[in-house]
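Visitor:
Number of protein chains: 2
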Amino acid sequence: MRIAVAQLNYHIGNFDGNLAKMLQAVTTAKAQRADIVVFAELATCGYPPRDFLDFDDFIRQADNCVQELAKAAQGIAIIVGSPTHNPRIEGKDLYNSAYFLADGKVQQIQHKALLPTYDVFDEYRYFEPATEFQTVTYQGKVIAITVCEDMWNVGNENPLYTVCPMDELMPQKPELMINISASPFAYDHAEERIHVLRTNVERYGLPLFYVNHCGAQTELIFDGGSIIMSPDGKVFDEHPYFEECVRTYELAEVVRGGIVQEQPKEKMPLLHDGLLQGLRDYFGKLGLKKAILGLSGGIDSAVTAVLAARALGPENVRVLLMPSQFSSDHSVNDARALAQNLGIQYDIIPIETVFTAYADLLKPHFWGQPFNVTEENIQARIRGMLLMAFSNKFGHILLNTTNKSEMAVGYGTLYGDLCGGLSVIGDVYKTEVFALAKFMNRDGEVIPESTITKPPSAELRPNQKDTDSLPPYDILDPILYQYIERHQGPREIVAQGFDETLVRRILRLVNINEFKRYQTAPVLRVSPKAFGMGRRMPIVGKYLN
Amino acid sequence: MRIAVAQLNYHIGNFDGNLAKMLQAVTTAKAQRADIVVFAELATCGYPPRDFLDFDDFIRQADNCVQELAKAAQGIAIIVGSPTHNPRIEGKDLYNSAYFLADGKVQQIQHKALLPTYDVFDEYRYFEPATEFQTVTYQGKVIAITVCEDMWNVGNENPLYTVCPMDELMPQKPELMINISASPFAYDHAEERIHVLRTNVERYGLPLFYVNHCGAQTELIFDGGSIIMSPDGKVFDEHPYFEECVRTYELAEVVRGGIVQEQPKEKMPLLHDGLLQGLRDYFGKLGLKKAILGLSGGIDSAVTAVLAARALGPENVRVLLMPSQFSSDHSVNDARALAQNLGIQYDIIPIETVFTAYADLLKPHFWGQPFNVTEENIQARIRGMLLMAFSNKFGHILLNTTNKSEMAVGYGTLYGDLCGGLSVIGDVYKTEVFALAKFMNRDGEVIPESTITKPPSAELRPNQKDTDSLPPYDILDPILYQYIERHQGPREIVAQGFDETLVRRILRLVNINEFKRYQTAPVLRVSPKAFGMGRRMPIVGKYLN
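Those protein sequences? They're chains S and B, same order as listed. Following this note's numbering, the numbering of the first sequence begins with 1 at its first residue and continues without gaps. Following this note's numbering, the numbering of the second sequence begins with 1001 at its first residue and continues without gaps.
(1) If we count the other Cβ atoms within 10 Å of its Cβ and call it buried at 16 or more, is His1213/B buried or exposed?
(2) Just mark Pro1370/B as buried or exposed, buried being the case when its beta carbon has 16 or more other beta carbons within 10 Å.
(3) What three-state label does DSSP hand Cys1164/B in the structure shown?
(4) Under 7 angstroms between beta-carbons, which chain S residues line up against Arg1125/B? List them in chain order, please.
(5) List, in order along the chain, the chain S residues whose C-beta lies closer than 8 angstroms to that of Val1354/B?
(6) According to DSSP, is Glu1250/B part of a helix, a strand, or is it coil?
(7) Measuring alpha carbon to alpha carbon, tell me which residue in Cys164/S, Gln488/S, Asp119/S is nearest Tyr204/S.
(8) Are the beta-carbon atoms belonging to Tyr1010/B and Ala1043/B less than 8 angstroms from one another?
(9) Taking CB distances under 8 angstroms as the criterion, tell me whether Tyr518/S reaches chain B.
(10) Return no unless some Cβ of chain B is closer than 8 angstroms to the Cβ of Ala521/S.
(11) Am I right that Leu399/S and Leu524/S are in contact with their C-beta atoms under 8 angstroms? What's the rounded C-beta distance?
(12) Could you name the residues of the same chain whose beta carbon sits closer than 7 angstroms to that of Thr218/S, not counting the 5 residues immediately before and after it, in chain order?
(13) Closest to Leu53/S by CA distance: which of Ala25/S, Leu19/S, Gly17/S, Asn96/S is it?
(14) Starting from Ala1335/B, trace the alpha helix (DSSP H) in both directions and tell me its first and last residue.
(15) Cβ of Glu90/S less than 8 angstroms from any chain B Cβ?
(16) By the three-class DSSP mapping on this structure, what secondary structure does Lys1290/B have?
(17) Taking beta-carbon pairs under 7 angstroms, can you tell me which members of the region 1488 to 1512 of chain B lie near chain S?
(18) Mark Asn1403/B as exposed unless 16 or more other C-beta atoms lie within 10 angstroms of its C-beta, in which case mark it buried.
(19) Tell me the rounded alpha-carbon separation between Glu288/S and Phe394/S.
(20) Would you kindly work out how many angstroms separate the C-alpha atoms of Arg1060/B and Glu1191/B, rounded to a whole number?
(21) Taking the alpha-carbon positions, what's the Ile475/S to Glu500/S distance?
(22) If I'm right that Thr451/S touches Ile299/S with Cβ under 8 angstroms, what's the distance once you round it to whole angstroms?
(23) How would you call Pro1462/B, buried or exposed, if buried means at least 16 neighbouring beta carbons within 10 angstroms?
(24) Do the region 487 to 507 of chain S and the region 375 to 385 of chain S meet, that is, are 3 or more Cβ pairs less than 8 angstroms apart?
(25) For the candidate residues Met1388/B, Val1120/B, Asp1035/B, whose alpha-carbon lies nearest to that of Met533/S?
(26) Using a Cβ-Cβ distance under 8 angstroms, would His1011/B count as near chain C?
(27) Should Trp1152/B go down as buried or exposed, given a rule of 16 or more other Cβ atoms within 10 Å for buried?
(28) Rounded C-beta distance between Ala1004/B and Val1037/B? I'm assuming under 8 angstroms.
(29) Is His272/S close to chain B? Criterion is C-beta to C-beta, closer than 8 angstroms.
(30) According to DSSP, which residues form a beta bridge with Tyr1346/B?
(31) Less than 8 angstroms between the C-beta atoms of Pro448/S and Ala337/S, yes or no?
(32) Hey, does Ala389/S have any beta-carbon neighbour from chain B nearer than 8 angstroms?
(33) Pull up the distance between the alpha-carbon of Pro231/S and that of Pro1087/B, whole angstroms please.
(34) Identify the continuous alpha helix (DSSP H) that holds Val1409/B and give its terminal residues.
(35) Return the CA-CA distance between Arg1198/B and Leu1208/B, expressed in angstroms with no decimal places.
(36) Is Ile1452/B close to chain S? Criterion is C-beta to C-beta, closer than 8 angstroms.
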């Protein structure tokens, strides 16, 4: 038996596009003499469809897509994920299901039992969990089909669920496992994925075909990395990251094993490529081409500009340099040098005249008040407004350049530097931004060296440094990581050796700035815990603040 | 047996404050000779605690709060909601539980089985559902204690769950039902609540004590309306809306019945009072006092200003009138008249000089480009920036004045009139805003009549009217209502008699403007389906657009 694993980049709600792509892959799989071709979880409608699932019309279109695929299942079987109706009145109205299509029609449907409802996942919002488990027999082979999370309840110390679908399927003596997934990228996810899959393979002694999405849907990036695993737990093949790919495997060869083919998993290249994918699909799937951003001479906007130029092409990226009286010469020079290195269009627009116009207008009202954060914010907001004016006039989408450290502690101006349709590096801590900049320069200087070496500054008042109001990033970031990614409270973080006053201050800053994060752009998710849908915090609350 | 129902306004994460409030209510209940006092669901930590539940420290503090309450349970029993640990390794780490405290200690714990995971609710994100159900016996009475949703699986045509906790408890022959809840306000919710509770009472033939939260937590407003229901299904008492209230009932009298005491349920007073509560608690619980907003002379900002003045006191509300060359005289006059009617501070700040400064700065870059939405947005953004400058300088929180119709179709400027820390009427359709304005004027003109009667206009270009780009609101709003509140697709809405081209255009506008709503302030929720946490839509998608 020959099994084709089709790792594709779907588009939420784009039923025609997704169907066309799958039909094409069916043709490819047939050319590769496959007996079965496997698509990913909810491949018909894209993932995550969110509340579109509440619309009967949306489900009807997914059903139509399955019917069309069924027609194409001639001389080849198709496994594909799609939502299905729950025929019972009780329980949620839908299942998250895997269809088995063969001989021109739907042969069998297996629903998903374990519904991830944590972090970015909301599946129990929509789906009823499966309670029945049935293998599929095709060409004499007994196949255990599961959907994503159904395989994730083993191999971790704190299982989230009380059932284990493969345990239920084993009495039916399956000879192989097929898992269709929609498992989003984080820089450490590929390792974890292989660990979990291997635990399953070792537990059940069966070969495994694991099929993932690739491509991004707003903030969620899917890296692909579909896995074919031999019964000895070795990775027989791992599909490339961030690429569509249809490959067919002879089951007997996978069972025999002896071949190991894994993708490299270093953090910086993964972060870099993941962010490129996120940018590319945000623009591509929204039908957009051109981006704009403000270049300050600092490292955040520099890294964002490099990513944009690489993802969209330098001809589609435009930057504004908007110095004020507080901007240093070297900042403007560094920004210009970067724009020239990248070959992107840049304009220099000093903001003093507009700042003066505001100051004059406000003078009678602000009489006797000292220069403070108000005037700093006005500068940041003038820049946001100029960028949005270009965006409106020429159709460029404004990219937000805020990093995760700033986003965490609220070191940014709402409606100023927090503007933008997409936050590119909002899930990348400042210390990681530095590492990414160095990685970008590995084959020659793209980002000017002084941008990397000078002390970070917002340049909104004379001689301002980030360290005036924040601890150094190599202290700040580890504390933030413990609080955000690791869910450690003040007591636990202090026990790790951090200063208690500092820890309390940082955690308080994170909590009182929830209102800013509520209003910022979607953040490309590259870590196990990004701001946005995956981290839901009260604004009005009194905890650690 | 005498039962005290304590309807209180909790504060998320404010364990000391919540505890103090409950201990005070215990004293009151004792003075009322109560045998049991009942607090609401998750009363220790407030509702919804969201991802604070992921922190061990947070759960520890809730546990401490329960221990303190247990000490106070002398001569009176206490029922209170709090998160508890799941002792099993499998499943989620927490339960959402009702504690029964008596004789100075924890006597019994009943977990919640039905975990709402839809609309604004995310409970399965945190909690394992109960599988065991045990009545409590106290002073010879057998009591069935359930938590909120546990009673909501009857009385509707499409039950969301496959179990029914009261059915499980009935074999233990309970004599009364106590339900502790956290059930947020919508203008139609009080009716629905009584319907569901009555269905339970009639099905089980038992008296019911239903205890709800009152007060707001950011966007979620809890109206209270705690219900005491006699076994004949009559409302023996309904606590006032939006007010704390501790009242004690003699069980025998409730069983005997014959008294009916319900709160009035007209939509406009409910909307009005709900929004006041939302405003009051947003400011009160964040430790803030003062609000600012822009007054355009239009009806949205007028209604918002009236709400702010009533919620916070006119001395705490400041408004800016910011005319441009496109503002009509009557707009400025109407705005000024309103400010004077309300007795709030107002300043008139014409924006032309700043607009000219922007125009001059952009002239070389925008050469040959016609005046378009860019220049309209610049005006809206200058206003947003001026308001934020006042906010920063004097500590006023900016209120957003966008209505639900505009929010739906994207008729608003990001970082302009969409600025603000809280969206006050973002869940109120334009046609409802008109009705609310008339309701506000019922005892004399507060909002100038011409603000209500003139055709709506953004006044961002000469002679602009909303109807230049949108259908009349009495056609737009019903279409939006069908799509947003009723989840009807294009086919179903057209079948109701609306023009297909118009319906497709409106639904497309809603979908392509998801990116704007993603970045707007939390919206006070007063309808069954508000923008924000309760409506989760993809940004990058291709559905109906």
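All C-beta atoms in this analysis are idealised placements derived from N, C-alpha and C, irrespective of residue type, glycine included.
Guide: So, to answer that:
(1) buried
(2) exposed
(3) coil
(4) Thr117, Tyr118
(5) Val354, Ala357, Tyr358, Leu361
(6) strand
(7) Cys164/S
(8) yes
(9) yes
(10) yes
(11) The pair is not a contact, with the Cβ atoms about 10 angstroms apart (cut-off 8 angstroms).
(12) Tyr282, Pro522
(13) Asn96/S
(14) 1329 to 1342
(15) yes
(16) coil
(17) Gly1489, Pro1490, Arg1491
(18) buried
(19) For the sequence presented, residue 288/S should be read as Leu rather than Glu. Leu288/S and Phe394/S: Cα-Cα distance of roughly 12 angstroms.
(20) 37 angstroms
(21) 13 angstroms
(22) 5 angstroms
(23) exposed
(24) no
(25) Val1120/B
(26) Here chain C cannot be found, since the structure's protein chains are S and B.
(27) buried
(28) 4 angstroms
(29) no
(30) Val1319/B
(31) yes
(32) yes
(33) 35 angstroms
(34) 1404 to 1409
(35) 9 angstroms
(36) no
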